[in-house]
Amino acid sequence: MTTKTVLVCGAGGFIGGHLVKRLKREGHWVRGVDLKMNEYSETEADDFAIGDLRDQSFVRSVIDRRFDEVYQLAADMGGAGYIFTGENDADIMHNSATINLNVLDICHKRNIKRVFYSSSACMYPEHNQLDPDNPNCAEDSAYPANPDSEYGWEKLFSERLYLAYNRNHGMQCRIARYHNIFGPEGTWDGGKEKAPAAMCRKVAAALDGGAIDVWGDGLQTRSFLYVDECVEGTVRLLRSDFEGPVNIGSDEMISINGLARMVIDIADKNIGINNIPGPLGVRGRNSDNRLIKERLGWAPNQPLRTGMEVTYRWISEQARLGHNKRAA
Ligand code: NAD
Numbered sequence: 015m016t017t018k019t020v021l022v023c024g025a026g027g028f029i030g031g032h033l034v035k036r037l038k039r040e041g042h043w044v045r046g047v048d049l050k051m052n053e054y055s056e057t058e059a060d061d062f063a064i065g066d067l068r069d070q071s072f073v074r075s076v077i078d079r080r081f082d083e084v085y086q087l088a089a090d091m092g093g094a095g096y097i098f099t100g101e102n103d104a105d106i107m108h109n110s111a112t113i114n115l116n117v118l119d120i121c122h123k124r125n126i127k128r129v130f131y132s133s134s135a136c137m138y139p140e141h142n143q144l145d146p147d148n149p150n151c152a153e154d155s156a157y158p159a160n161p162d163s164e165y166g167w168e169k170l171f172s173e174r175l176y177l178a179y180n181r182n183h184g185m186q187c188r189i190a191r192y193h194n195i196f197g198p199e200g201t202w203d204g205g206k207e208k209a210p211a212a213m214c215r216k217v218a219a220a221l222d223g224g225a226i227d228v229w230g231d232g233l234q235t236r237s238f239l240y241v242d243e244c245v246e247g248t249v250r251l252l253r254s255d256f257e258g259p260v261n262i263g264s265d266e267m268i269s270i271n272g273l274a275r276m277v278i279d280i281a282d283k284n285i286g287i288n289n290i291p292g293p294l295g296v297r298g299r300n301s302d303n304r305l306i307k308e309r310l311g312w313a314p315n316q317p318l319r320t321g322m323e324v325t326y327r328w329i330s331e332q333a334r335l336g337h338n339k340r341a342a
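Written as structure tokens, this is what we have:
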């Protein structure tokens, strides 16, 4: 494989950090950009620029050449506790849209063709996800649009922005809709963590005979994709001739109480579940992988439990070492 020059926006984040490692293993020259460095390990990027992608002059300074590949993962983001309360809506929309407007336009001006954009399953219409047993997340079910959060609306707007640059400016942007990515080195405390990490933290902290709190009635369903498979799908999509948008997710659907029971079993503890009120999101969501199989001849297939075992070990070790932002 020839050595490429690659830019990863959001390289200090969870998926971006794993993506940089993967690209370095392939031998490419990688520049990472983010507001911050990775929290849990040293970056492997050849060059790392700290700065704000909402600032056009900063974006011009880091997109200073014709990169072979650009991965745009930077976004103002978080778990249900950040996205669904409504308190952060203006920031979420303004910050993420500005990043995408800036990065895409400077890529176009530098004559960069291949840009990857990470959209989210949160852009699917709420009314297709009311039945926890039969959520509809086929790519063509996106319209008429009705996401359940402003985070989802911004993703939808930005998907269309990237597609418009393909159409009008001959770019080859590629768009994935990620579905709940998890794994080691993901946020696991502090309020922006997602369900798999939150479960692992709570179970690691609970004493035998105790109980953990789980938001909602626990019957809401989701699927969760291990980060290595997410990165694999991302790289495959950017290098393919399919622009998307396409789901990158797991189709192994599980209830939230089922996920809690899986983690309790992995920990080998005797722990109960308290279902309590909390911010929830949609009732059901699962990745529909028919299109990715058809267009890329590939889809994620690792069992959820395999990734959860690795993640539980990593989070319980972090907690043991006291690397938390707030007490579990
Ligand atoms: P993350 O929060 O760990 O990474 C995003 C990074 O963007 C952070 O490091 C953050 O500092 C950076 N960033 C935010 N604002 C910035 C700015 N103004 N300038 C520079 N950097 C900025 O999130 P992640 O889980 O790695 O997600 C990566 C992408 O994938 C995001 O676009 C997210 O919306 C999307 N996505 C993730 C999931 C998931 O389950 N993790 C699901 C769907 C979509």
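For the sequence shown, our numbering assigns the number 15 to the initial residue and increments by one for each residue that follows. Each residue gets a CB set at the ideal place from its N, CA and C atoms; glycine is no exception.
The alpha helix (DSSP H) enclosing residue i, as first and last residue numbers
{"i": "Ser75", "result": "70-76"}
{"i": "Cys23", "result": "Here Cys23 belongs to no alpha helix (DSSP H); instead the beta strand (DSSP E) covers 19-23."}
{"i": "Phe28", "result": "28-39"}
{"i": "Phe171", "result": "164-183"}
{"i": "Asp103", "result": "103-123"}
{"i": "Ser134", "result": "Run containing Ser134: none in the alpha helix (DSSP H); it sits in the beta strand (DSSP E), 129-134."}
{"i": "Gly247", "result": "241-252"}
{"i": "Trp202", "result": "It is not in any alpha helix (DSSP H) - Trp202 carries neither H nor E in the DSSP assignment."}
Burial state of residue i (16 or more Cβ within 10 Å)
{"i": "Leu87", "result": "buried"}
{"i": "Glu56", "result": "exposed"}
{"i": "His32", "result": "buried"}
{"i": "Arg340", "result": "With a pLDDT of 48 at Arg340, under the threshold of 50, the modelled position of this residue cannot be trusted; read the value that follows with caution. It counts as exposed."}
{"i": "Ser71", "result": "exposed"}
{"i": "Lys216", "result": "buried"}
{"i": "Gln316", "result": "exposed"}
{"i": "Leu37", "result": "buried"}
{"i": "Pro291", "result": "exposed"}
{"i": "Glu308", "result": "exposed"}
{"i": "Asp279", "result": "exposed"}
{"i": "Leu144", "result": "exposed"}
{"i": "Gly247", "result": "buried"}
{"i": "His193", "result": "buried"}
{"i": "Arg80", "result": "exposed"}
{"i": "Leu251", "result": "buried"}
{"i": "Gly311", "result": "exposed"}
{"i": "Ala152", "result": "exposed"}
{"i": "Thr16", "result": "exposed"}
{"i": "Asn114", "result": "buried"}
{"i": "Gly184", "result": "exposed"}
{"i": "Ala104", "result": "exposed"}
{"i": "Ala209", "result": "buried"}
{"i": "Glu40", "result": "exposed"}
Straight-line gap, residue i to residue j (C-alpha atoms, nearest Å)
{"i": "Tyr138", "j": "Asn289", "result": "26 Å"}
{"i": "Lys18", "j": "Val44", "result": "8 Å"}
{"i": "Arg253", "j": "Lys127", "result": "11 Å"}
{"i": "Arg11", "j": "Asp90", "result": "Residue coverage of the chain in this structure runs from 15 to 342, which leaves residue 11 outside it and unanswerable."}
{"i": "Lys237", "j": "Ser301", "result": "Reading off the sequence shown, one finds Ser at residue 237, where the question assumed Lys. Looking at the two C-alpha atoms, the distance is approximately 7 Å."}
{"i": "Asn180", "j": "Gly100", "result": "33 Å"}
{"i": "His108", "j": "Tyr165", "result": "10 Å"}
{"i": "Thr112", "j": "Gly200", "result": "24 Å"}
{"i": "Ala342", "j": "Ala211", "result": "Residue confidence is low: Ala342 scores 38 on pLDDT, short of 50, so the model does not pin down where it sits. Its coordinate-derived value is still stated next. Cα to Cα, the separation comes out at about 12 Å."}
{"i": "Glu207", "j": "Ser330", "result": "15 Å"}
{"i": "Ala281", "j": "Trp328", "result": "12 Å"}
{"i": "Asn102", "j": "Gly286", "result": "33 Å"}
{"i": "Gln234", "j": "Asp78", "result": "46 Å"}
{"i": "Ala159", "j": "Gly232", "result": "27 Å"}
{"i": "Gly205", "j": "Ile106", "result": "15 Å"}
{"i": "Asp154", "j": "Leu118", "result": "24 Å"}
{"i": "Gly30", "j": "Val20", "result": "12 Å"}
{"i": "Glu257", "j": "Ala220", "result": "45 Å"}
{"i": "Cys214", "j": "Arg275", "result": "11 Å"}
{"i": "Lys283", "j": "Gly263", "result": "29 Å"}
{"i": "Val249", "j": "Gly26", "result": "18 Å"}
{"i": "Ile64", "j": "Gly46", "result": "8 Å"}
Identity of the residue in the options nearest residue i by Cα
{"i": "Ala156", "options": "Leu21, Asp145, Thr17, Glu173", "result": "Glu173"}
{"i": "Arg191", "options": "Pro158, Arg181, Val245, Glu199", "result": "Val245"}
{"i": "Gly24", "options": "Tyr85, Ala220, Gln70", "result": "Tyr85"}
{"i": "Val76", "options": "Ile270, Glu83, Leu115, Phe62", "result": "Phe62"}
{"i": "Ile268", "options": "Ala218, Asn148, Arg215", "result": "Asn148"}
{"i": "His122", "options": "Asn142, Ser110, Gly100, Glu83", "result": "Glu83"}
{"i": "Asp255", "options": "Ile189, Glu207, Val296", "result": "Ile189"}
{"i": "Leu49", "options": "Pro314, Asn261, Lys35, Val73", "result": "Val73"}
{"i": "Ala218", "options": "Leu239, Arg334, Pro259, Gly26", "result": "Arg334"}
{"i": "Asp60", "options": "Lys35, Glu53, Tyr54", "result": "Lys35"}
{"i": "Arg299", "options": "Asn261, Tyr326, Arg39, Trp312", "result": "Asn261"}
{"i": "Glu266", "options": "Ser110, Asn303, Pro259, Asp154", "result": "Asn303"}
{"i": "Val296", "options": "Ser133, Gly197, Pro161", "result": "Pro161"}
{"i": "Ser163", "options": "Met51, Ile97, Ser264, Gly197", "result": "Ile97"}
{"i": "Asn52", "options": "Glu40, Phe28, Asp66, Gly65", "result": "Phe28"}
Beta strand (DSSP E) segment containing residue i, residue limits
{"i": "Ala190", "result": "188-192"}
{"i": "Glu83", "result": "83-86"}
{"i": "Ile290", "result": "286-290"}
{"i": "Trp229", "result": "225-229"}
* the stretch 128-138 touching the stretch 212-225, judged by at least three CB pairs closer than 8 Å -> Taking a contact to require three or more Cβ pairs closer than 8 Å, the stretch 128-138 and the stretch 212-225 do not qualify as touching.
* At a cut of 8 Å, does the stretch 162-180 reach the stretch 317-331 through at least three beta carbon pairs? -> The count of Cβ pairs closer than 8 Å, one atom from the stretch 162-180 and one from the stretch 317-331, stays below three, leaving the stretches out of contact.
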